[in-house]
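In the working numbering, each residue carries its 1-based index in the sequence shown increased by 54.
Just so you know, even glycine gets a beta-carbon here, dropped at the ideal spot from N, CA and C.
A quick write-up on the structure given underneath.
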Amino acid sequence: MSNTNYSFFGAVERSFDKAAKFTKWDEGILEQIKACNAVYRMNFPVKIGDKIEVIKAYRVQHSHHKSPCKGGIRFSKAVNLDEVMALAALMTYKCAIVNVPFGGAKGGISIDPKQYTPYQLENITRRYTSELTKKNFIGPGIDVPAPDYGTGEREMAWILDTYTQLKPGEIDAAGCVTGKPITQGGVWGRREATGLGVFYGLRAVCKMPEVMTKVGLTTGVGGKKVIVQGLGNVGYHSAKFFQNAGSRIVALAEYEGAIWSNDGLDVDAVFNHRKATGSILNFPGATNFENSADALEMECDILIPAALENVIDGENAARVKAKIIGEAANGPLTPEADEIFAQRGILVVPDMYLNAGGVTVSYFEWLKNLSHVRYGRMEKRFEETQNANMIKKVEELTGKTISEQDKSKIVHGPDEIDLVYSGLEETMINATHEVMDAWKANSEIPDMRTAAYVVAINKVGVAYAELGIFP
Ligand code: GLU
């Protein structure tokens with residue numbers, strides 16, 4: 055997985071520079087956009103059993119061009135400053151592309167969460183939150199963490215509780231973190247948001263005839279052979295939405311290995327098998343591959359790396375057979391892999407907008423927290439009454455009756471989940487078109503990632519210019 059000799063932040067800077075020459079911004083603005091604005095690196099003690107352990111942790115605020123900063127918190131032994139800086143930078147660009155008005159940030163704690171009990175993890179998370187609060191690195195208007203690799207709703211609830219204890223009476227405290235459980239101010243749809251966004255984004259790409267002809271595929275996601283690497287929150291939901299749309303999930307991979315079935319795998323059945331047996335391998339009817347990375351090189355139409363960074367590099371890129379690669383993870387391809395795919399005519403749909411569904415729905419959650427009302431509460435019943443009246447009138451005027459089934463579909467006023475899904479769908483479709491248009495507008499732009507960076511740089515550049523920092 056993550057190669058420690060490789061600078062992830064360096065790779066992000068390289069991709070940025072590659073795109074910067076297609077923009078009109080002068081050197082100073084580009085330097086400012088690229089730089090990490092604030093880095094907080096901490097070491098704090100936590101009692102683990104009868105020993106004291108010194109925990110290494112980070113929070114990087116990449117850009118303050120908009121407030122608050124936003125980005126997940128990762129628990130992984132591979133966490134280091136370079137990685138957190140890179141991920142924070144990607145958050146800035148990601149938010150810009152999907153018009154989420156936040157600066158980018160990222161946090162990380164260098165631990166393997168599997169080595170700790172829930173009680174110990176709670177102590178670590180709470181102490182990390184107090185450190186952030188002490189240094190003013192967290193707050194609904196300052197910096198808003200969220201889940202990432204190795205964290206989820208449980209950790210977000212601990213963060214919220216610690217923050218509220220330290221800031222009594224802060225009316226908007228619930229907006230200090232997103233990805234919370236629903237009972238703690240979370241929003242419906244946040245859990246599956248990244249995977250759903252990956253699906254909406256790739257589906258929009260697959261609807262573009264000129265793009266699909268270029269890669270040698272027919273339009274639409276139906277019947278496409280899909281491989282997903284990683285069966286965590288993002289991978290599981292990405293795979294599930296593709297399966298629901300009629301794609302064939304021919305392979306799934308986790309760190310213990312990969313499985314292949316030409317007839318297609320049922321994602322939930324594989325998920326439950328792994329839960330029951332502790333491994334993805336030996337799934338009935340599927341072929342085992344002990345080496346997880348083999349899945350990246352198998353025959354398919356769409357490959358979705360949804361685990362960690364740098365899984366496809368200059369070494370294995372030449373053997374990848376997919377026509378489209380959808381980056382559900384952050385940074386799964388190295389710049390060398392990018393170049394190989396550009397030469398081979400393989401379309402790489404880049405992380406920085408494709409996996410923006412998580413932060414987009416986090417934005418909806420944050421808005422819900424600041425408005426102190428759930429989505430749909432004010433309008434649902436009103437809309438249902440209006441729709442029912444309209445149906446009644448149509449029936450009266452036409453003398454025909456609409457079936458009860460159709461009636462209930464038409465009458466239905468929006469619940470929170472309907473609005474979240476629809477807001478996310480709109481966001482992902484618009485972002486896909488915006489990035490594709492930028493790519494089409496300049497034939498010198500070599501790939502979709504560079505086009506995405508161009509869109510992001512221009513948006514952050516405008517924000518800085520409007521702030522008047524650069525007269
Ligand atoms: N960790 C997710 C990401 O990398 C979500 C961040 C957020 O919701 O703030 O995009």
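Beta carbon of residue i nearer than 8 angstroms to that of residue j
i	j	result
TRP212	ILE511	no
PRO389	ARG180	no
MET344	GLY311	A small fix is needed here, since residue 344 is Glu in this sequence, not Met. Yes.
ARG128	ASP202	yes
ALA308	GLY284	Just to set this straight, residue 308 is Glu in the shown sequence, not Ala. In contact: GLU308 and GLY284 (Cβ atoms closer than 8 angstroms).
ILE151	GLY515	no
GLU185	PHE63	no
SER301	GLY339	no
PHE553	PRO194	Here the chain comprises residues numbered 55 to 525, so residue 553 is not present and cannot be evaluated.
ALA506	PRO359	no
LEU335	ILE313	yes
ALA247	GLY467	no
VAL474	GLY125	no
VAL198	THR232	yes
GLY115	ALA92	This sequence places Gln at residue 115; Gly is not what is there. Yes, the Cβ-Cβ distance between GLN115 and ALA92 is below 8 angstroms.
GLY223	ASN287	no
ILE400	ALA376	yes
THR183	ILE196	no
ASP348	VAL280	no
VAL275	LEU256	yes
ALA200	ILE163	no
LEU214	LYS189	no
PHE436	GLY477	no
LYS120	LEU141	no
With 16 other Cβ atoms within 10 Å as the buried cut-off, status of residue i
i	result
MET482	buried
ARG398	exposed
PRO263	exposed
SER117	buried
GLU458	exposed
GLN219	exposed
THR504	buried
GLU81	exposed
MET145	buried
MET55	Below a pLDDT of 50, predicted positions are generally treated as unreliable, and MET55, at 42, falls in that range; the measurement from the model is reported next regardless. So MET55 counts as exposed.
VAL252	buried
ASN426	Sequence inspection shows His at residue 426; the Asn mentioned does not correspond to that position. With fewer than 16 other Cβ atoms within 10 Å, it is exposed.
LYS75	exposed
VAL108	exposed
PRO525	In this predicted model, PRO525 has a pLDDT of only 47, less than 50, meaning its place in the structure is not dependable enough to derive any value.
LYS72	buried
ARG245	buried
ASN57	In this predicted model, ASN57 has a pLDDT of only 48, less than 50, meaning its place in the structure is not dependable; the value taken from the coordinates is given anyway. With fewer than 16 Cβ atoms within 10 Å of its Cβ, ASN57 is classed as exposed.
Which residues DSSP lists as bridging residue i, in chain order
i	result
ASN97	LYS110
ASN342	ILE313
PRO359	GLN283
ILE102	LYS105
ALA159	GLN115
ILE378	ILE356 and LEU401
GLY125	PRO199
ILE366	LEU387
LEU306	VAL282 and ILE313
ALA492	Looking at the DSSP assignment, ALA492 forms no beta bridge with any residue, so it has no partner.
GLY193	ASP197
Distance cut-off 7 angstroms: residue i Cβ against heavy atoms of the ligand FAD
i	result
THR481	The model on display carries the ligand GLU but not the ligand FAD.
Cβ-heavy atom distance, residue i to the ligand GLU, below 7 angstroms
i	result
ASP197	no
GLY239	no
MET490	no
THR232	yes
TYR71	For the sequence presented, residue 71 should be read as Asp rather than Tyr. For the ligand GLU, not one heavy atom lies less than 7 angstroms from the Cβ of ASP71.
PRO155	no
ALA200	yes
SER416	yes
MET406	no
MET139	no
LYS124	yes
MET145	yes
LYS148	yes
VAL321	no
VAL152	no
ASN384	yes
Anticipated Cβ contact below 8 angstroms, residue i with residue j, distance rounded
i	j	result
THR439	VAL259	Not confirmed; about 40 angstroms, so no contact.
VAL402	ILE379	5 angstroms
ASP104	LYS131	Not confirmed; about 22 angstroms, so no contact.
LEU350	VAL324	With 8 angstroms as the limit, LEU350 and VAL324 do not qualify as a contact, their Cβ atoms being about 18 angstroms apart.
TYR26	MET406	In the structure as shown, the chain starts at 55 and stops at 525, and residue 26 therefore has no counterpart that could be examined.
LEU569	ALA383	Nothing in the structure corresponds to residue 569, since the chain is present only between 55 and 525.
GLU381	LEU408	6 angstroms
Chain C within 8 angstroms of residue i, Cβ atoms only
i	result
ILE356	Protein chains in the displayed structure number just one, and chain C is not present.
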